[in-house]
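K.L.:
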Amino acid sequence: MIKRVILGAVVILVVAAFIIVWNPSISRIDPPAAGSFKQADVDHGKVLAGLGNCGTCHTANKQKPFAGGVSFPTPFGTLYSANITPDLDTGIGHWSEEAFVRAMREGVDREGEQLFPAFPYTHFTKVTDEDLHDLYAYLMTRDPVSQEKPANKLEFPFSLRPLQAGWKLLFFDDQRFEPNADKSDAWNRGAYIAEGLGHCTACHSPRNDFGAEQTGAAYDGALVDGWYAPALNTSHSTPVAWTEEELYQYLRNGGSELHGVAAGSMAEVVHRGLAEAPDSDIHALAVYFNDLSGAGGTDAAGARKTAATAIRDAKAAGQRQMGHGEQIYAAACASCHANDPDSPNLMRPELSLNSAITAPDPTNLLRVTLEGIDTPSGLDGVVMPAFHDALDDEDLVALADFLREKVDRPAWKNLQARIDELRQP
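If you're matching positions, the sequence shown starts at 1 in the UniProt record's numbering and goes up one per residue.
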């Protein structure tokens, strides 16, 4: 009797597991003719693809846009992005809109295979039917590119796609975006973009041991793709509040007088992803993140007054000593980064206001110092030279310690170890 009960329980568990894991395939279709989509839908889809940063994640070779092959190192191994051009053999040319929507909302491909959450369907599930239709229209009217996706290199058992069904039970909330009735239309539009296609928390939030965004830590900041994505909520480290106008300038142009310039992954977001977005969407994002950071109601005059005080305090702190770090700063940095406290210059970012200095992680400061910033990454016409060869490790540690002391922050720990990692070819 007991054996029968155990056997019955096992059968039930196996059947339940099969039901959870199994997804039917969706029939192949003949590729829809480009002319079958309204041009207005295709044009809007182009904007949406930018908001989702699709081109950056799915373009390893700029001569083959959307053909995939971009590598994504994770603690579980390396994943590669898929070919999302309408190629019949290696892309999504045979995918119906139904199959596309299922992948975006449920993380399941046309053949019924589970997708790994490095593809942020956990965010795309919030997107409206209309926007997914327009995004599909845009992708299906791109030039087809024949390019096989490299095989993923994941450790066992993380390479087993059926396990993703269990991951979803634990961490996936399959819900559309719901507007907040207590907020403005602009706030809700900004939230819809940021939480949906923009998948902003995917970079700006820490993850747990299973690779899921930590509950209750949205926008707390995280190290991702070799850069530190700073906190965007009230735990942010910047000494000056992000006003709506400063946020707009940063997201529209790649730089802000009181917060510096976009670099690394964020430069891709600004100069590539958001390039086609209308001003109304950029303003909406500014409204949302201004509120999220706790700076709602802060005006430009108040922010500039705070900035002036922070710069004067940093200058006073720097004048108390003339050690090795300040000597490096005076020789290599001050000629471009010294500012009048009452009128900091957008083209000469003030370091004492910059999150690269005030963040809890030194990666951004070290990478920008070692690698510099070229024209596509920073502001138009403004570059910063690389100091990889000009400054040795001792110089970098001394400079970082000096800059942290200037803004009244404790010295970063394990600086030398991080420098060693970043100097690796």
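Glycine included, each C-beta is placed from N, C-alpha and C at the ideal position.
What is the rounded straight-line gap between the Cα of residue 50 and the Cα of residue 251?
P.N.:
Straight-line Cα distance between these residues: approximately 13 Å.
K.L.:
Can you look up residue 195 in the DSSP assignment and give me helix, strand or coil?
P.N.:
Here residue 195 sits in helix by DSSP.
K.L.:
Between the Cα of residue 411 and those of 261, 288, 357 and 367, spot the shortest distance and give me the residue it belongs to.
P.N.:
Comparing Cα positions, the closest option is 357.
K.L.:
According to the neighbour-count rule (16 or more other Cβ atoms, all chains shown, within 10 Å of its Cβ), is residue 405 buried or exposed?
P.N.:
That one is buried.
K.L.:
Under three-state DSSP, which class holds residue 175?
P.N.:
DSSP places residue 175 in coil when its eight states are reduced to three.
K.L.:
DSSP has residue 71 in a bridge; who is on the other side?
P.N.:
Paired residues: 80.
K.L.:
With three or more beta-carbon pairs closer than 8 Å as the criterion, would you say the stretch 241-251 touches the stretch 291-298?
P.N.:
With the cut-off at 8 Å, the stretch 241-251 and the stretch 291-298 touch.
K.L.:
Checking 8 Å against the spacing of the C-beta atoms, do residue 150 and residue 202 come in under that value?
P.N.:
Not closer than 8 Å, so no.
K.L.:
Go through its chain and collect everything with a Cβ distance to residue 10's Cβ below 6 Å, but skip five positions before and after it.
P.N.:
Since pLDDT at residue 10 reaches only 36, below the 50 mark, its modelled position is unreliable, and no value is offered.
K.L.:
Drop a sphere of 10 angstroms on the beta-carbon of residue 4, count the other beta-carbons inside from all chains shown, and report buried for 16 or more, exposed for fewer.
P.N.:
Because residue 4 carries a pLDDT of 41, less than 50, the predicted location of this residue cannot be relied on, and the following value inherits that uncertainty. The residue in question, residue 4, is exposed, as its Cβ has fewer than 16 Cβ neighbours within 10 Å.
K.L.:
Could you give the DSSP three-state label for residue 39: helix, strand or coil?
P.N.:
Here residue 39 sits in helix by DSSP.
K.L.:
Given 8 Å as the limit, is there contact between the stretch 280-288 and the stretch 350-370, that is, 3 or more CB pairs closer than that?
P.N.:
The stretch 280-288, when compared against the stretch 350-370, does not touch it at the 8 Å Cβ threshold.
K.L.:
Do residue 246 and residue 236 count as a contact pair if the criterion is CB distance below 8 Å?
P.N.:
No. Outside cutoff.
K.L.:
So if DSSP puts residue 256 in a beta bridge, which residue, or which two residues, is it bridged to?
P.N.:
260, per the DSSP bridge assignment.
K.L.:
Among residues of its own chain, excluding the 5 on either side of residue 307, which ones have a beta-carbon nearer than 7 Å to its beta-carbon?
P.N.:
For residue 307, where only same-chain residues beyond five positions count, the Cβ hits under 7 Å are 240, 258, 344 and 353.
K.L.:
Bridge partners of residue 207, per DSSP?
P.N.:
Answer is 213, bridged to residue 207.
K.L.:
Quick check: the stretch 139-150 against the stretch 179-193, are at least 3 beta-carbon pairs closer than 8 Å?
P.N.:
The stretch 179-193 vs the stretch 139-150: no contact.
K.L.:
Quick check: the stretch 224-236 against the stretch 261-270, are at least 3 beta-carbon pairs closer than 8 Å?
P.N.:
Result yes; three or more Cβ-Cβ pairs closer than 8 Å.
K.L.:
Go ahead and pull the three-state DSSP assignment for residue 57.
P.N.:
Note: residue 57 maps to helix in three-state DSSP.
K.L.:
Flag this pair as yes or no: are the beta carbons of residue 204 and residue 221 separated by less than 8 Å?
P.N.:
Contact flag set, yes.
K.L.:
Short of 8 Å in beta carbon distance, which residues of its chain neighbour residue 184, apart from the five on each side in sequence? Order them along the chain.
P.N.:
Excluding positions up to five away in sequence, the list reads 287.
K.L.:
Is residue 104 closer than 8 Å to residue 70 when the C-beta atoms are compared?
P.N.:
Not a contact, by the Cβ cut-off of 8 Å.
K.L.:
What three-state label does DSSP hand residue 416 in the structure shown?
P.N.:
Correct three-state label for residue 416: helix.
K.L.:
Rounded to whole angstroms, what is the Cα-Cα separation between residue 383 and residue 275?
P.N.:
In a straight line, the C-alpha of residue 383 is about 20 Å away from that of residue 275.
K.L.:
If you measure between the beta carbons of residue 52 and residue 197, is that distance less than 8 Å?
P.N.:
Cβ distance < 8 Å, so residue 52 and residue 197 count as in contact.
K.L.:
Note down the Cα distance separating residue 161 from residue 210, rounded to an integer number of angstroms.
P.N.:
Cα to Cα, residue 161 sits roughly 14 Å from residue 210.
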